[in-house]
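*Asks:* This structure is in structure tokens; I'll ask about it shortly.
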Amino acid sequence: MEKQRSNPSRSTIAMQSITFSEAGETHVLVNAKLAQRKITLIVDTGCSLTALHSDIPHGGTSIALSPSDQSAFAVNGAIDSYSIVKIDSLTIGRLHLPPTIVSLIDLGEVKNFYLERFNIRIDGLLGCDILTRHRATINFAKRTISLYNTTV
Numbered sequence: 004m005e006k007q008r009s010n011p012s013r014s015t016i017a018m019q020s021i022t023f024s025e026a027g028e029t030h031v032l033v034n035a036k037l038a039q040r041k042i043t044l045i046v047d048t049g050c051s052l053t054a055l056h057s058d059i060p061h062g063g064t065s066i067a068l069s070p071s072d073q074s075a076f077a078v079n080g081a082i083d084s085y086s087i088v089k090i091d092s093l094t095i096g097r098l099h100l101p102p103t104i105v106s107l108i109d110l111g112e113v114k115n116f117y118l119e120r121f122n123i124r125i126d127g128l129l130g131c132d133i134l135t136r137h138r139a140t141i142n143f144a145k146r147t148i149s150l151y152n153t154t155v
């Protein structure tokens, strides 16, 4: 269900309700598009900055990091190597996001786990930066995530 203004287009969708899938009954997954390529993201409320696997073609612009910004941590410890890029074309459902900063990290172990355990290819983590910016509401009963276009 979406609420739209008159003469709707991609940029005028006020709210987009996206059906999510699950892996193992507890892992929430959403389909997205990155530069017209279909990708699958794990919804990760513990991830502060949305992350893509480092080998995914992203078409983004690299952003230089100062030495104080070159370390990152996850719940399971430090992330040894990553980079930051600005991507212009990320769409979740029918909601086209404005240019967005994401991290590129090696998600090889995560990708292998989901492929072996659930036969699902994972391309990244949808983090709290996008979830909070777009006032996400996760409805587990309906299996939907509502994202609001905060640029409308």
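Under our numbering, read the sequence shown as residues 4 to 155, first letter to last. Yeah, the Cβ is synthetic: ideal placement off N, Cα and C, and Gly gets one too.
Going along the chain, which residues of its own chain have a beta-carbon closer than 6 Å to the beta-carbon of Leu44, five neighbours each way excluded?
*Replies:* Val33, Ala35, Gly127 and Leu129
*Asks:* Within 10 angstroms of its Cβ, does His137 collect 16 or more other Cβ (buried), or is it exposed?
*Replies:* buried
*Asks:* Alpha carbon to alpha carbon, how far is Thr103 from Glu119? Give it in angstroms, no decimals.
*Replies:* Straight-line Cα distance between these residues: approximately 30 Å.
*Asks:* May I have the straight-line CA-CA distance separating Ser149 from Ile141, to the nearest angstrom?
*Replies:* The alpha-carbon of Ser149 is positioned some 7 Å away from that of Ile141.
*Asks:* Determine whether the beta carbon atoms of Thr147 and Phe23 lie at a separation below 8 Å.
*Replies:* yes
*Asks:* Is the beta carbon of Leu110 closer than 8 Å to that of His56?
*Replies:* yes
*Asks:* Near Ile123, which residues of its chain fall below 8 Å by C-beta distance, leaving aside the five closest residues on each side in sequence?
*Replies:* Ala26, Leu32, Thr43 and Tyr117
*Asks:* Which parts of the stretch 82 to 109 are runs of the beta strand (DSSP E), unbroken and 3 residues or longer, counting only runs that do not cross its ends?
*Replies:* 85 to 90, 93 to 95 and 103 to 108
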